[in-house]
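*Asks:* Pasting a structure here, questions to come.
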Amino acid sequence: MNHTEERLPGRKDRCNLTDYEQERRTFDWQEIEKTFSWHETGKVNIAYESIDRHALSDKGDKIALRYSDPTRQSSYTFEEMRKKTNQAGQVFRKLGLKKGDRLFVFMPRSPECYFALLGAIKIGAIVGPLFEAFMETAVRDRLQDSGAAAIVTTPELLHRVPVSELPELKHVILVGEDLKLEDHQTDLIAEMSQASEKLEIEWVDREDGMLLHYTSGSTGKPKGVYHVHNAMIQHYYTGKIVLDLQEEDVYWCTADPGWVTGTSYGIFAPWLNGVTNVVRGGRFSPQDWYDTLQSQEITVWYSAPTAFRMLMGAGNDIVSQYDLSKVRHILSVGEPLNPEVIRWGMQVYKQRIHDTWWMTETGAQLICNYPSMDMKPGSMGKPIPGVEAAIIDDQGNELPPYRMGNLAIRTPWPSMMRKIWNNPGKYQEYFYLSGWYISGDSAYQDEEGYFFFQGRIDDVINTSGERVGPFEVESKLVEHPAIAEAGVIGKPDPVRGEIIKAFISLRKGYEPSEELIQEIRAFVKEGLSAHAAPREIEFKEKLPKTRSGKIMRRVLKAWELDLPTGDLSTIED
Ligand code: WT7
């Protein structure tokens, strides 16, 4: 076990949460709720609370969004955001879209992407954000499963939206210049410029839906994780005590809204806390990222272990070329944060990188390191006040310190998913031990209550912080004419955490070759998405299977890592 005596002391200066243990003892979610206007009305809208509440206060002229990419730089105040999101809402409503409709946003980051997301939520729609790298199959699966009524996308991405296979899709709303519109298409920017800046917001119940984030499991197609407006309580509170957001902060979350980090912490947490939110479009490069930190004068920075490892790989010299003195708080999520990376951060950034643990399903941070709390490198930290986490065995017994088991969370908490779209059975699988949400991660706790991540219990792959279901990749692989069978695993990788490795048996008449490997990789890339394409492919005569025909990924993994294969009693022959 990676238990460590190493301790990095918490900050003693100004931060929002000064005494974690004290706050835990006295905490009450109902006190947090009083921040919001729905305390009085009973009706809510998370977009209103994020934007309009500030626009209509004395913060109207404060910058809410600072967007930049290599070709564009623009800023919007809370008041401007209020109007833009109202106009987007007007456009959607004019098309007949209404409360409960599923509206997808499939485009690269840009101000319009954020106007669309929030505008849709303002009219009560349920937004499905899609990462721009998704290819046709991935887009179709998600739109079909959710019965999407509309999609906001760009002319460049349109060919990946198989409209003819999506009978429920009524509207394609395009963001671009000089558009030539076809039937059922709308020009978002043009229509917004004609639309009123006022909007009757759809006031909804706390338990009404606002977001559908598709994520992967180890079996079946991606599942639509359904979140409700009530999540705002936890977005707001964790923004305050974990991100430590304060009035003057300039905050940058590097995640795309296609992933849950990019909505919960790229939209809601910063804006519910009324701070300036920086969005940077374009791809990763150490130079661009350090330039963003310097030129935007970022104070709070939320990123991921893969990014930190790549920055570490880029060397220490490059860091000294930039003035990063404004950065006062750094956080990480998505995969295990190596103690080595934290030590490196102490060296070059002169501060701690704070690990946080949560999942698409949990909607917001649950186990975290807080600025004022001592940190043990290698630990994800402790549960947020108001939340109980535990290590339990498969019967639901809580395990003592240092015993590895299921990382479980006592139900409910404010931002917990409320269903898996169209799939109550899948939803129930998380709650098979009464009173607990079973995360699928294994972990242990030390005697001081710090949690240490150990791994996934299922076969889900975590590559560069992105979750990939092996089944999805295998299904795509076997669509290739040369492939008879495929088994996909995560192989440990020093930079990406894991990479995707595919074991493939070929159909008669096909021979292994380097060209075939390239072709297969391109096939998955084109069909599914770049991050789902196997980086390594190994050909096998036969794959290990159970008698019921299931590929035994555990055996593939044992082969790969030179480990004992374990119990083979269910193997085919
Ligand atoms: C899985 C959830 C919501 C954040 C982005 C990922 C892994 C997440 C950590 C961490 C070790 C972590 C877990 C989890 N994970 N944070 N701090 N340390 N592992 O969301 O795609 O839903 O993936 O990511 O395995 O179950 P996601």
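All the letters of the sequence shown, read from the start, carry residue numbers 1 to 573 under full-length UniProt numbering.
Backbone N, C-alpha and C define an ideal beta-carbon position, used for all residues, glycine too.
1. Exposed or buried, which one is Thr276 when buried takes at least 16 other CB atoms within 10 Å?
2. Any idea if His171 is buried or exposed, counting beta-carbon neighbours within 10 angstroms, 16 or more meaning buried?
3. Give me, in chain order, the residues of the same chain whose beta-carbon lies closer than 7 Å to that of Thr219; leave out the 5 immediate sequence neighbours on both sides.
4. Straight-line CA distance for Ala484 to Gln518?
5. Count Cβ pairs between the stretch 241 to 257 and the stretch 176 to 192 that sit closer than 8 Å; are there 3 or more?
6. Can you tell me whether Tyr214 is helix, strand or coil according to DSSP?
7. Can you confirm whether the stretch 405 to 425 touches the stretch 332 to 343 when touching is taken to mean that 3 or more C-beta pairs between the two stretches lie within less than 8 Å?
8. Can Trp358 be considered in contact with ligand 1, in the sense that its beta carbon sits closer than 7 Å to one or more heavy atoms?
9. Return yes when the C-beta of Gly334 is under 7 Å from any heavy atom of ligand 1, and no when it is not.
10. Measure the C-alpha to C-alpha separation of Asp562 and Ser379 and round it to an integer number of angstroms.
11. Considering only C-alpha positions, which residue in the set Glu177, Arg280 and Glu297 is nearest to Glu156?
12. Are the CB atoms of Ala64 and Arg102 within a distance shorter than 8 Å?
13. Looking only at its chain, what residues have a beta carbon closer than 6 Å to the beta carbon of His426, apart from the 5 residues adjacent to it on each side?
14. Just grab the DSSP bridge partners of Pro9 for me.
15. Looking at the structure shown, is Gln87 part of a helix, part of a strand, or coil, going by DSSP?
16. Mind checking whether the beta-carbon of Phe453 lies closer than 7 Å to any heavy atom of ligand 1?
17. Whole angstroms are fine: how far does the CA of Gly100 sit from the CA of Ala116?
18. Do you know offhand how far Asn406's Cα is from Asn462's?
19. What's the call for Arg72, buried or exposed, on a 16-neighbour Cβ count within 10 Å?
20. Whole angstroms is fine: what's the gap from Ser434's alpha carbon to Pro385's?
21. Can you tell me whether Val260 sits near ligand 1, meaning its C-beta is under 7 Å from at least one heavy atom of the ligand?
22. Measure the beta-carbon distance from Leu506 to Phe539 and round it to whole angstroms, keeping in mind my assumption that it falls under 8 Å.
23. So who's on the other strand from Ser332, going by DSSP bridges?
24. To the nearest angstrom, report how far apart Arg11 and Ser372 are at their CA atoms.
25. Exposed or buried, Gly487, counting other C-beta atoms within 10 Å across all chains shown (16 or more means buried)?
26. For Trp29, which of Asp187, Gly455 and Gln234 has the nearest alpha-carbon?
27. For the pair the stretch 53 to 63 and the stretch 77 to 84, tell me if three or more CB-CB distances fall below 8 Å.
28. Quick check: the stretch 204 to 221 against the stretch 38 to 48, are at least 3 beta-carbon pairs closer than 8 Å?
29. For Asp323, report the span of its beta strand (DSSP E) as first-last.
30. Determine the closest residue to Pro383 out of Arg7, Thr261, Phe27 and Gly96, with distance taken between C-alpha atoms.
31. Work out the CA separation of Val175 and Thr362 for me, nearest whole Å.
32. Entirely within the stretch 82 to 136 and at least 4 residues each: give me those alpha helix (DSSP H) ranges in chain order.
33. For Thr276, report the span of its alpha helix (DSSP H) as first-last.
34. Could you tell me whether the Cβ atoms of Gly469 and Val478 are closer together than 8 Å?
35. Which value, in whole angstroms, describes the spacing of the CA atoms of Thr238 and Glu388?
36. Among Phe134, Met552 and Tyr370, whose alpha-carbon lies nearest the alpha-carbon of Gly258?
*Replies:* Quick answer:
1. Taking the first residue of the sequence shown as position 1, residue 276 is located at position 276. Taking all protein chains shown into account, Thr276 has 16 or more neighbouring C-beta atoms within 10 Å of its C-beta and is therefore buried.
2. Taking the first residue of the sequence shown as 1, we reach residue 171 at position 171. The residue in question, His171, is buried, as its Cβ has 16 or more Cβ neighbours within 10 Å.
3. Numbered from 1 along the sequence shown, position 219 holds the residue referred to as residue 219. Shown here for Thr219: same chain residues with a beta carbon closer than 7 Å to its own, the five before and five after excluded, namely Phe471 in chain order.
4. Along the sequence shown, one-based indexing puts residue 484 at 484. Along the sequence shown, one-based indexing puts residue 518 at 518. In a straight line, the C-alpha of Ala484 is about 17 Å away from that of Gln518.
5. No: the two stretches stay apart, fewer than three of their Cβ pairs being nearer than 8 Å.
6. Along the sequence shown, read from residue 1 onward, the residue named residue 214 stands at position 214. The three-state reading of DSSP puts Tyr214 in strand, counting E and B together.
7. Fewer than three beta-carbon pairs drawn from the stretch 332 to 343 and the stretch 405 to 425 are found closer than 8 Å, and the two stretches are therefore not classed as touching.
8. In the sequence shown, the residue the question calls residue 358 occupies position 358. Indeed, a heavy atom of ligand 1 lies less than 7 Å from the Cβ.
9. For the purposes of this step, residue 334 is taken as the residue at position 334 of the sequence shown. Yes, the beta carbon of Gly334 sits closer than 7 Å to at least one heavy atom of ligand 1.
10. Here residue 562 refers to the residue found at position 562 of the sequence shown. Here residue 379 refers to the residue found at position 379 of the sequence shown. Rounded to the nearest whole angstrom, the C-alpha separation of Asp562 and Ser379 is 28 Å.
11. Taking the first residue of the sequence shown as position 1, residue 156 is located at position 156. Each of Glu177, Arg280 and Glu297 was checked against the Cα of Glu156, and the nearest Cα belongs to Glu177.
12. By one-based count along the sequence shown, residue 102 stands at place 102. By one-based count along the sequence shown, residue 64 stands at place 64. Contact annotation: Arg102 and Ala64 have beta-carbon atoms that are not nearer than 8 Å.
13. In the sequence shown, residue 426 corresponds to position 426, counting from 1. In the sequence as displayed, the identity of residue 426 is Lys instead of His. Counting only Cβ-Cβ distances below 6 Å, and skipping sequence neighbours, we find Lys223 and Ile420.
14. Here the question's residue 9 lines up with position 9 in the sequence shown. The partner list for Pro9 (beta bridge, DSSP) is empty, contrary to what the question assumes.
15. As a first step, residue 87 is located in the sequence shown; it is residue number 87 there, counting from the start. In this structure, Gln87 counts as helix in the three-state DSSP scheme.
16. Looking up residue 453 in the sequence shown gives position 453. Yes, the beta carbon of Phe453 sits closer than 7 Å to at least one heavy atom of ligand 1.
17. Within the sequence shown, residue 116 is the residue found at index 116, counting from 1. Within the sequence shown, residue 100 is the residue found at index 100, counting from 1. Looking at the two C-alpha atoms, the distance is approximately 16 Å.
18. Residue 406 sits at position 406 when you count from the first residue of the sequence shown. Residue 462 sits at position 462 when you count from the first residue of the sequence shown. Distance from the CA of Asn406 to the CA of Asn462, rounded to the nearest whole angstrom, comes to 18 Å.
19. Within the sequence shown, residue 72 is the residue found at index 72, counting from 1. The residue is exposed, with fewer than 16 neighbouring Cβ atoms inside 10 Å.
20. As a position in the sequence shown, residue 434 is number 434, starting the count at 1. As a position in the sequence shown, residue 385 is number 385, starting the count at 1. Answer to the nearest angstrom: the Cα atoms are 22 Å apart.
21. Here the question's residue 260 lines up with position 260 in the sequence shown. Val260: yes, Cβ under 7 Å from ligand 1.
22. On the sequence shown, position 506 is the one that residue 506 refers to. On the sequence shown, position 539 is the one that residue 539 refers to. Sure, about 6 Å apart at Cβ, within 8 Å.
23. For this step, residue 332 is matched to residue 332 along the sequence shown. Under DSSP, Ser332 shares a beta bridge with Ser303 and Asp355.
24. Working through the sequence shown from its first residue, we reach residue 11 at position 11. Working through the sequence shown from its first residue, we reach residue 372 at position 372. Roughly 5 Å between the two C-alpha positions.
25. By 1-based counting over the sequence shown, the position of residue 487 is 487. Result: buried.
26. As a first step, residue 29 is located in the sequence shown; it is residue number 29 there, counting from the start. Checking every option, the nearest Cα to that of Trp29 belongs to Gln234.
27. At 8 Å Cβ cutoff, the stretches touch.
28. Between the stretch 38 to 48 and the stretch 204 to 221 there are three or more C-beta pairs closer than 8 Å, enough to call the two in contact.
29. Taking the sequence shown and counting its residues from 1, one reaches residue 323 at position 323. It is not in any beta strand (DSSP E) - Asp323 carries neither H nor E in the DSSP assignment.
30. If you number the sequence shown from 1, residue 383 lands on position 383. The residue among Arg7, Thr261, Phe27 and Gly96 with its C-alpha nearest the C-alpha of Pro383 is Phe27.
31. Along the sequence shown, one-based indexing puts residue 362 at 362. Along the sequence shown, one-based indexing puts residue 175 at 175. Taking the straight line joining both Cα atoms gives about 31 Å.
32. You should have 111 to 122.
33. Residue numbering aside, residue 276 sits at position 276 when the sequence shown is read from its first letter. That residue, Thr276, is in no alpha helix (DSSP H); its beta strand (DSSP E) goes Thr276 to Arg280.
34. By 1-based counting over the sequence shown, the position of residue 469 is 469. By 1-based counting over the sequence shown, the position of residue 478 is 478. Cβ atoms of Gly469 and Val478: not closer than 8 Å.
35. By 1-based counting over the sequence shown, the position of residue 238 is 238. By 1-based counting over the sequence shown, the position of residue 388 is 388. Distance between the alpha carbons of Thr238 and Glu388: 15 Å.
36. Residue 258 sits at position 258 when you count from the first residue of the sequence shown. Answer by Cα proximity: Phe134.
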